[in-house]
Amino acid sequence: IQELERGLPKGAEALGQELFPQEKKPEAEPAAEASASPPNPASPSNPAAGKKSPLGDPQELKRIIEQVRAKDADLRVAKSTFFALADPSGKVLRNDQQQDLMAGKSLFESYPQLKTALTTKEPYVRTRGSMPEASGIRGRDDAQLVLASPVREAGKAEGEVKALYVSGWSWTSYCYRLENALKGWHQDERGEENGKPGKMPVAYVFAVVGDQVYGAPEAPQVNIDTVKGLKVLDHTSGDNVFSKELEITDRAFGLVAQRAPAFGDDVAIVILRSET
Numbered sequence: 014i015q016e017l018e019r020g021l022p023k024g025a026e027a028l029g030q031e032l033f034p035q036e037k038k039p040e041a042e043p044a045a046e047a048s049a050s051p052p053n054p055a056s057p058s059n060p061a062a063g064k065k066s067p068l069g070d071p072q073e074l075k076r077i078i079e080q081v082r083a084k085d086a087d088l089r090v091a092k093s094t095f096f097a098l099a100d101p102s103g104k105v106l107r108n109d110q111q112q113d114l115m116a117g118k119s120l121f122e123s124y125p126q127l128k129t130a131l132t133t134k135e136p137y138v139r140t141r142g143s144m145p146e147a148s149g150i151r152g153r154d155d156a157q158l159v160l161a162s163p164v165r166e167a168g169k170a171e172g173e174v175k176a177l178y179v180s181g182w183s184w185t186s187y188c189y190r191l192e193n194a195l196k197g198w199h200q201d202e203r204g205e206e207n208g209k210p211g212k213m214p215v216a217y218v219f220a221v222v223g224d225q226v227y228g229a230p231e232a233p234q235v236n237i238d239t240v241k242g243l244k245v246l247d248h249t250s251g252d253n254v255f256s257k258e259l260e261i262t263d264r265a266f267g268l269v270a271q272r273a274p275a276f277g278d279d280v281a282i283v284i285l286r287s288e289t
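So the sequence shown is residues 14 to 289, counted in our numbering.
Structure representation (structure tokens):
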């Protein structure tokens with residue numbers, strides 16, 4: 014998340030320069046010339062005239078959003094599910110996904126605190142909420158951690174807020190990403206046995222967020238319910254690790270849980286692992 018906190022304000026500045034350049038005031042002309050010739054909207058004194066705004070072209074806007082991310086070292090490696098641009102009313106104009114389910118939807122209905130990004134002096138606003146169109150799973154509850162930075166005219170600190178640059182991830186998608194990373198670690202750990210890949214353990218990753226538990230799409234509901242019943246936030250604080258052996262559907266598991274303060278005071282990451 015630190016990459017997003019550093020990179021999002023820089024990306025918002027770049028978007029302000031690209032999408033909302035400061036309009037140049039036309040140079041004054043002698044009165045005689047001004048009365049003799051009608052104004053030319055395409056003259057050099059009005060360079061923005063006649064130029065089609067990317068805001069009305071979803072594919073071009075997607076390209077610009079992707080380009081801004083690609084040019085920033087922090088944003089390139091941020092583990093976000095989506096990057097999006099919204100107008101000052103909170104309506105999503107475009108995100109960086111090929112299938113943009115968020116376009117036209119209101120961010121403020123799902124994340125009311127993002128409204129403060131329009132008036133704050135801080136580089137970004139961070140909040141949590143649930144937007145179905147930003148979900149990483151179907152048929153199960155999901156929620157998101159979201160950050161927004163104000164996009165100002167010409168990218169200037171004193172410029173008018175023209176849009177919001179928003180990014181975040183769904184908890185289910187984050188768990189899926191962590192599970193894949195864990196599988197890679199297990200493969201390296203086990204190596205090969207007699208020229209064949211070593212036996213892999215079964216492992217699941219969950220995010221405990223307040224009184225909710227989220228898992229990757231493949232996570233069995235019984236595992237989610239079991240983790241929820243353990244109330245791991247009551248057994249964790251600071252850097253200490255909570256561990257427990259348990260059985261789920263006649264299968265032995267080991268569980269470890271630890272707080273993840275970077276995501277919030279009431280967030281923990283849980284790993285369930287079985288060797289059988």
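Beta carbons: idealized from backbone N, C-alpha and C, even for Gly.
_For Asp113 and Glu294, the rounded distance between their alpha carbons_ = The first residue shown for the chain is 14 and the last is 289, placing residue 294 beyond what the model contains.
_Phe266 vs Ser287 beta-carbon contact at 8 Å_ = For Phe266 and Ser287, yes; Cβs fall inside 8 Å.
*Please state whether DSSP places Gln200 in a helix, a strand or coil.*
helix
*Which residues in the same chain have their Cβ closer than 7 Å to the Cβ of Leu17, if we skip the five residues on either side of it in sequence?*
Ala91, Ser93, Leu160 and Ser180
*Can you give the Cα-Cα distance for Glu79 and Arg264, rounded to whole angstroms?*
44 Å
_Pro34 to Gln157 span [Cα, whole Å]_ = 32 Å
*Where in the region 97-181 do unbroken runs of the alpha helix (DSSP H), each at least 4 residues long, occur, reported from the N-terminal end onward?*
Runs of the alpha helix (DSSP H) spanning 4 or more residues and lying entirely within the region 97-181 occur at 120-123, in chain order.
*How close, in whole Å, do the beta carbons of Tyr227 and Cys188 come, if the pair is a contact with beta carbons under 8 Å?*
6 Å
_Applying the 10 Å Cβ sphere with the 16-neighbour rule, what's the burial state of Asp155?_
buried
_Give me the residue from Ile14, Glu36 and Asn236 with the minimum Cα distance to Gly168._
Glu36
*Mark Gly152 as exposed unless 16 or more other C-beta atoms lie within 10 angstroms of its C-beta, in which case mark it buried.*
exposed
*From the DSSP output, which residues share a beta bridge with Gly228?*
Phe219
*Where the alpha helix (DSSP H) through Ala83 begins and ends*: Pro71 to Ala83
*Under 8 Å Cβ to Cβ from Pro57, same chain only, skipping five residues before and after it: list those, please.*
Per-residue confidence for Pro57 stands at a pLDDT of 39, beneath the threshold of 50, marking its modelled position as unreliable; the derived number appears in the next sentence. Contacts found: none.
*asked:* Quick check: the Cα distance between Asp224 and Ser66, rounded to an integer number of angstroms?
replied: 45 Å
_Sub-8 Å separation of Val283 and Ala275 beta-carbons_ = Note that the C-beta distance between Val283 and Ala275 is not below 8 Å.
*asked:* Rounded to the nearest angstrom, what separates Val245 and Thr185 at their Cα positions?
replied: 18 Å
_Can you check which of these residues, Leu127, Ala147 and Leu131, is closest to Arg139 by C-alpha distance?_
Leu127
*DSSP beta-bridge partners of Gln3*: The question about residue 3 has no answer here: the residues shown for the chain are numbered 14 through 289.
_Output needed for Ala99: all residues of its chain with C-beta closer than 7 Å, excluding positions within five of it in sequence on either side, in chain order._
Val105, Leu106, Leu120, Ala176, Leu177 and Val179
*As assigned by DSSP and simplified to three states, the class of Ile237*: If DSSP states are grouped into helix, strand and coil, Ile237 belongs with the helices.
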